[in-house]
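Undergrad: Number 9 in UniProt numbering belongs to position 9 of the sequence shown; there are no gaps in the numbering. C-beta atoms are modelled at their ideal positions from N, C-alpha and C, and glycine is treated no differently.
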Amino acid sequence: MNDRPADPRHLEFMRQALALARANAAAGGRPFGAVLVRDGQVLARAVNRILDTGDPTAHAELLAIREAAHALGVTRLEGCTIYASGHPCPMCLAAMHLAGIEAAYYAYSNEDGEPFGLSTAAVYAQMALPPARQRLPLRQLRPDAEDGLYAQWAQRGRGALRGECG
């Protein structure tokens with residue numbers, strides 16, 4: 001599906017993300033780039049840095065979110081749009097939700113990436129299962145007498161921030 005937004009700037013931002021991805025691939029990295037924009041202004045540009053950092057979370061989208069949040073001194077990026085060369089993986093999509101990203105566009109789908117080992121469709125399928133049925137099951141384990149961690153945090157004036165975790 002190719003859902004083209006009316007604003008021609010969307011295509012320009014996507015072209016930037018694709019140019020980043022191509023340059024990263026030419027330099028020996030993975031073919032992923034991302035551009036994060038608010039009010040027509042680019043706040044961050046990033047490429048996938050998994051190979052050069054050894055960090056499996058160094059995805060272009062996450063790095064762009066981190067860069068923009070750090071530069072602005074905020075943890076919420078309401079009003080922002082992200083342009084990604086490839087279909088965001090579940091980790092990146094979750095980060096977009098948690099950061100309050102308003103919209104996301106991608107150029108290449110999971111189906112496009114599948115023949116090249118660049119699809120995260122299998123991870124999406126795992127995440128759709130109940131936690132106990134996933135290959136990596138999620139189970140609660142709280143030691144005896146452990147209680148009040150969140151209440152202690154809130155009492156110290158931290159206050160709950162919408163959608164934040166971990």
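Cutting at 7 Å between CB atoms, please list the residues of its own chain near S109, excluding the five before and the five after it.
TA: Cβ neighbours of S109 beyond the five flanking positions: H87.
Undergrad: Once DSSP output is grouped into helix, strand and coil, what is the label at L43?
TA: In this structure, L43 counts as strand in the three-state DSSP scheme.
Undergrad: Let me check understanding here. Comparing Cα to Cα, which of P143, D147, Q126, A145 lies closest to P137?
TA: When each option's Cα is compared against that of P137, the closest is Q126.
Undergrad: With C-beta atoms as the reference, is A95 less than 9 Å away from L62?
TA: Yes, Cβ-Cβ distance for A95 and L62 is below 9 Å.
Undergrad: Distance, Cα to Cα, C80 vs D39?
TA: Cα to Cα, the separation comes out at about 8 Å.
Undergrad: What residues are listed by DSSP as bridge partners for E37?
TA: It should be noted that the sequence gives Val, not Glu, for residue 37. DSSP output for V37 lists V42, T81 as bridge partner(s).
Undergrad: If R45 sits next to L20, beta carbons under 8 Å apart, how far is it from one beta carbon to the other, in whole angstroms?
TA: Yes, they are in contact, since the Cβ atoms of R45 and L20 sit about 6 Å apart, within 8 Å.
Undergrad: My understanding is that A64 touches A34, with C-beta atoms under 8 Å, so please give their C-beta distance in whole angstroms.
TA: With 8 Å as the limit, A64 and A34 qualify as a contact, their Cβ atoms being about 4 Å apart.
Undergrad: Tell me whether L51 is buried or exposed, calling it buried when 16 or more other Cβ atoms sit within 10 Å of its Cβ.
TA: Answer is exposed; the Cβ neighbour count stays below 16.
Undergrad: A60 and V42: beta carbons closer than 9 Å?
TA: Result no, Cβ atoms of A60 and V42 do not sit closer than 9 Å.
Undergrad: Tell me, please, which residues DSSP counts as bridged to A103.
TA: T81.
Undergrad: Would DSSP call G113 helix, strand or coil?
TA: It is helical.
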